[in-house]
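Data first, discussion second: the structure below is written as structure tokens.
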Amino acid sequence: MRPSILVLLFLCFVTATAQARPLDLTTARQLALQNQSAIKQRQETLRSRQYQARAASADRLPRLDFKATGNYLRDQPIERFDGLEFPVNDRSIYHYELDLIQPLFTGYALSARQNLARLEVDLADFDLRQARSDLLLETSLRYLDLLEAGDRLRLADEEHDQLQEHLQDARALFEQGLIPRNDLLKAEVALAQAELRRKKMAGEQRLANSRLALLIGLPRRESLQLSAPDLPPPPSLELAELEAGALRKRPEINAARRAIAMAGERLRLEQSRFYPRVSLVGSYQRDGTDIATNDNPYRNRDNASIGLQLDWNLFAAGADRARAIAARHQISAGEQALRTLQDQVRLEVEAALEQLDVARQNQTTAEAALRQARENHRLSTLQFRENLISTSDLLDARTLLTRAETDLQSAHYDYLRALALLRHARGDDAVSGGTS
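Going letter by letter, the sequence shown gives residues -20 to -1, 1 to 416 in mature numbering (1 follows the signal peptide of the UniProt record, and there is no 0).
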């Protein structure tokens, strides 16, 4: 019975392992871009703005309108002159009209609307780039979270195994009467605590796995087997060069500049109300007493005309002027918002670079501390087996080793996170498309 249970457990383990999906960071970022509904929403918004820009361009071209009316009158229309009545139309009246309208001058309103529509396309594009950049940053961070959770679980397993070996040594020494019972109890308590930490780390790994899977559009319970990303070298540029690059590439900075340009076009649009609007109008008409308008004994069966149409509002109680002043204030507000945003971007770049430098220094310090902690634990283990130190001393050495391993691990992943944050702060993902 017992061998069959072992075989069943082995098959379950093999099945679970086979179901783990291999994944690297580049693939995870690509999946996030493909599957996130927020990205798809902004892509649809961009397409909508592009067609709106086409419509704004088409408004400058001629427009052809057709209209038709058909009426049946109760009484035949007549005209009276010197007491005499003359019929002027039939009781059935049909009218067809074809109008061609070409705007000639609109006070620059049409060009302003066209420019506004193009700027709306740019805004939608920068919004999409910003969403992609934010999503890629979040994907990178969640990817590193899962990697770190897996490494923490591995450290917890190693700690558990070492404490289990220590408990076996403590039992052997206790049976020989070389250590008191409370030292054995300390070893048992330490092993139980290590088991609790291992279970906690396993739960955190499962949760980190679910977060990443949902983010990149995979089933929440799908197990992911991640590969460690290559460690890129730190940027060699100075802070001023990094800030200049960020101000040039960050989508929100470019969007703020477009917003100022849009405010300028809105000012042109409001100022266009002060000018007359001139259009070339051509018309062709048919009138008749039958639906085909072939019969019309009272007037011309068809006619055509061409002329100019002028529309000019002469008084609007100051509304047009107020709108123009409001547009000027919008330009000033946009310029102030751009300055504030530029300061924020500079601060983000500086903070990311500082965080990267601190993480690099911490990594060097943690590597040295880990070497010392490993040597201390090795010597303490030998001394304990020779009954030269107590269980408490050995457990303290194991605690120092665990802390040193955790510190180095944290420093390593903090360095990778700092690189991801600096890449985001520089706007690299917004330019490259975000899969590198």
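Using N, Cα and C, we set each Cβ at its ideal position, and we do this for glycine too.
What you are looking at is a predicted structure, and each value in this text was computed from that prediction instead of being measured.
- As the crow flies, the alpha-carbon of Q343 is around 18 Å from that of A129.
- In its chain, beyond the 5 residues on either side, L80 have a beta carbon closer than 6 Å to the beta carbon of L44.
- S360 and S372 have their C-alpha atoms some 11 Å from each other.
- Taking 9 Å as the cut-off, the Cβ atoms of A296 and L402 do not count as close.
- Residue range D282 to D291 is occupied by the beta strand (DSSP E) that includes N283.
- When DSSP states are grouped into helix, strand and coil, Q205 belongs to the strand group.
- Note: G244 is not bridge-paired with any residue in the DSSP secondary-structure output.
- Within a 10 Å sphere around the beta-carbon of G287 sit fewer than 16 other beta-carbons, which makes this residue exposed.
- Cβ-Cβ separation between A97 and Q32: approximately 5 Å, consistent with a contact (criterion under 8 Å).
- Here Q94 is not near P42, since their CB atoms are 9 Å or more apart.
- Ranked by Cα distance from V338, the options Y255, L117 and A398 are led by A398.
- For a cut-off of 8 Å, the C-beta gap from L222 to V329 is around 5 Å, short enough to register as a contact.
- A check of alpha carbon separations from T86 across R238, D105 and D291 identifies D291 as the nearest.
- Fewer than three beta-carbon pairs drawn from the stretch 230 to 248 and the stretch 44 to 55 are found closer than 8 Å, and the two stretches are therefore not classed as touching.
- In the three-state scheme derived from DSSP, where H, G and I count as helix and E and B as strand, T361 is classed as helix.
- Within the same chain, and ignoring the five residues on either side of L194 in sequence, the residues whose Cβ sits closer than 7 Å to its Cβ are R200.
- Y74 is the residue among Y278, L381, Y74 and R22 whose C-alpha sits nearest the C-alpha of K47.
- Under DSSP, G63 shares a beta bridge with no residue.
- DSSP places G130 in the uninterrupted alpha helix (DSSP H) bounded by A89 to E155.
- A distance below 7 Å between beta-carbons, with the five flanking residues on each side excluded, links E118 to the following residues of its chain, in chain order: L195.
- Here E77 is bridged, per DSSP, to K47 and Q265.
- When rounded, the separation of the alpha-carbon atoms in F154 and Q142 is 18 Å.
- Of R383, F106, E366 and E315, the smallest CA-CA separation from D409 is found for F106.
- Of the other Cβ atoms in all chains shown, fewer than 16 fall within 10 Å of the Cβ of K20; this residue is therefore exposed.
- Inter-segment contact for the stretch 168 to 178 and the stretch 383 to 393 is absent: fewer than three beta-carbon pairs are separated by less than 8 Å.
- The continuous beta strand (DSSP E) containing R1 extends over residues R1 to L3.
- As a beta-bridge residue in DSSP terms, Q82 pairs with L260.
- An exposed status is given to L165, since fewer than 16 other beta-carbon atoms sit within 10 Å of its beta-carbon.
- For I159, no alpha helix (DSSP H) encloses it, and the DSSP letter there is neither H nor E.
- For E24, the enclosing alpha helix (DSSP H) begins and ends at S17 to A38.
- Counting along the chain, the unbroken alpha helix (DSSP H) around L402 starts and ends at T371 to R406.
- Secondary structure of I311 (DSSP, three-state): helix.
- Less than 9 Å divides the Cβ of A167 from the Cβ of A150.
- C-alpha of A208 to C-alpha of T345: approximately 22 Å in a straight line.
- Separation of R303 and Q322 (C-alpha to C-alpha, rounded to the nearest whole angstrom) is 29 Å.
- In this structure, the straight-line span from the alpha carbon of A224 to that of T320 is close to 15 Å.
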